[in-house]
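>
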Amino acid sequence: MDFIIDSSMVQALLLIVIFLSILVEIKTGGTGVGALLGLIAAAVFWGSSYVKGLVSLYQIALFIGGVIFIIIEILTPTIGLLAGIGVVAILYSLILAMGGDINAIYMMAISLVIAIIIFAVILKKLPSSRLWKKLILTNTSSTEQGYVSSMDYSKYLNKEGVVLSELRPSGSVEIDGVPVDVVSEGKFISKGEKVRVVKIEGVRIIVRRVE
5 MDFIIDSSMV QALLLIVIFL SILVEIKTGG TGVGALLGLI AAAVFWGSSY
55 VKGLVSLYQI ALFIGGVIFI IIEILTPTIG LLAGIGVVAI LYSLILAMGG
105 DINAIYMMAI SLVIAIIIFA VILKKLPSSR LWKKLILTNT SSTEQGYVSS
155 MDYSKYLNKE GVVLSELRPS GSVEIDGVPV DVVSEGKFIS KGEKVRVVKI
205 EGVRIIVRRV E
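Position in the sequence shown (first residue = 1) + 4 = the working numbering.
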C-alpha cells in the first residue's frame, strides 16, 4: 500500500482529482458536485504523507486555508481576490508536500493542465449526456412549488424583486411572485427593500439594491 501511495503516478492522479473538484465547485457555484471525490483525494494525499512524516501540520493548514478562501469566494461575491489567494495557497502547499523542488513544480503543472483539459471536456459533453439530463429532471422542482430550477435562473437577470429575508449577504427575494435564494454584492440589505438581479454565477443569483 505504501508503494502505491508513494507512486508519482498515483500522486499525480490525486492532484488531478483535487484540481478538477475545485474547478467544478467554482463553476457550479458550490453545489457539492465533485466535492466528495476531491475531499477523498485530499484526505488520501495528505493523510498518507502525514502518517509517514513527509508533511507538516503547517503545510496541511496552508492547504485547508486555501480551500476555505475558495469557499468564501463561492459564497460571497468579490472581485476574485479570495479565490486567487486560495489557489496560490493550495498550489504552494502541494508543492511543499511533494518536496518543494523543480520536479514537484513540473508534476503540479502537468496535473493542473490535465485537470483543465478534463474540465473543458466535461463542460462540452456533460450538458448533452443522457445521465445529466436525467439528473436535472430528477432534482428540479417546479416553480409552482415555490422553487426555481438552476436552469431557469438566467430569466431573472436584470429583473427586480423585494427582499423577503435580510441579505447578510445571502437571503431570499421574491421575483415575479416566486421566492428565490440570492446573494448581495457583499452588502447588507434589509427586508422589504427592492433589489435588481445583476449577475448569474452558476447557482448563485447576485443582486444589488435599487437606489
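All residues carry an ideal CB built from backbone N, CA and C; glycine is no exception.
1) From what residue to what residue does the beta strand (DSSP E) around SER194 run?
2) Please work out which residues of its chain come closer than 8 Å, Cβ to Cβ, to GLU170, disregarding the five sequence neighbours upstream and downstream, and give them in chain order.
3) Could you say if the segment 51-58 and the segment 67-74 meet the contact criterion of at least three C-beta pairs nearer than 8 Å?
4) Which one of GLY165, PRO183, GLY206 has the shortest CA to CA distance from LEU127?
5) With C-beta atoms as the reference, is ILE210 less than 7 Å away from LEU161?
6) Give the range of the beta strand (DSSP E) segment to which GLY69 is assigned.
7) DSSP three-state call for LYS1: helix, strand or coil?
8) Quick one: grab the DSSP three-state call for SER169.
9) Use the C-beta contact count for LEU1: other C-beta atoms within 10 angstroms, 16 or more gives buried, fewer gives exposed.
10) Give the range of the beta strand (DSSP E) segment to which GLY42 is assigned.
11) With DSSP collapsed to three states, give me the class of GLY88.
12) Put GLU164 into one of helix, strand or coil per three-state DSSP.
13) With distances taken Cα to Cα, identify the nearest neighbour of TRP50 among ILE114, ILE64, GLY42, LEU40.
14) Which residue comes first and which comes last in the beta strand (DSSP E) that contains VAL214?
15) Taking just the CA atoms, how far does GLU77 sit from ASP185?
16) To which residues of the same chain is ALA108 closer than 6 Å at the C-beta, ignoring the five residues directly before and after it?
17) I'd like the list of long-range same chain contacts for ILE122, defined as Cβ closer than 8 Å, with 5 residues on each side in sequence excluded.
According to the structure data:
1) Within the sequence shown, residue 194 is the residue found at index 190, counting from 1. No beta strand (DSSP E) holds SER194; DSSP gives it neither H nor E.
2) Taking the sequence shown and counting its residues from 1, one reaches residue 170 at position 166. Apart from the 5 residues on each side of it in sequence, GLU170 sits with its Cβ closer than 8 Å to the Cβ of PHE192, ILE193, SER194, LYS195 in its chain, given in chain order.
3) The segment 51-58 vs the segment 67-74: no contact.
4) Reading the sequence shown from its first residue, position 123 is the one you call residue 127. That would be GLY206, whose Cα lies nearest to the Cα of LEU127.
5) As a first step, residue 210 must be located in the sequence shown, where it is residue number 206. As a first step, residue 161 must be located in the sequence shown, where it is residue number 157. Not closer than 7 Å, so no.
6) For the purposes of this step, residue 69 is taken as residue 65 along the sequence shown, with counting starting at 1. For GLY69, there is no enclosing beta strand (DSSP E); the residue is found in the alpha helix (DSSP H) stretching over 61-79.
7) Residue 1 falls outside the range modelled here, since the chain spans only 5 to 215, and no answer is possible.
8) Position 165 of the sequence shown, counted from the first residue, corresponds to residue 169. In the three-state reduction of the DSSP assignment, SER169 falls in the coil class, being assigned neither a helical nor a strand state.
9) A question about residue 1 goes unanswered here, because the residues of the chain that appear run from 5 up to 215.
10) The residue given as residue 42 occupies position 38 in the sequence shown. No beta strand (DSSP E) contains GLY42, which is instead part of the alpha helix (DSSP H) from 39-55.
11) Indexing the sequence shown from 1 puts residue 88 at position 84. Helix.
12) For the purposes of this step, residue 164 is identified with residue 160 of the sequence shown, where counting begins at 1. For GLU164, the three-state secondary structure derived from DSSP is strand.
13) Position 46 of the sequence shown holds residue 50. Comparing alpha-carbon positions, the option among ILE114, ILE64, GLY42, LEU40 lying closest to TRP50 turns out to be ILE64.
14) As a first step, residue 214 must be located in the sequence shown, where it is residue number 210. For VAL214, there is no enclosing beta strand (DSSP E), as DSSP marks it with neither H nor E.
15) Stepping through the sequence shown from its first residue, residue 185 is reached at position 181. Stepping through the sequence shown from its first residue, residue 77 is reached at position 73. Near 17 Å, if we compare the C-alpha coordinates of GLU77 and ASP185.
16) If you number the sequence shown from 1, residue 108 lands on position 104. Closer than 6 Å at Cβ, skipping near neighbours: ILE99, MET102.
17) For the purposes of this step, residue 122 is taken as the residue at position 118 of the sequence shown. Closer than 8 Å at the Cβ level, and outside the excluded window around ILE122, lie ILE20, LEU24.
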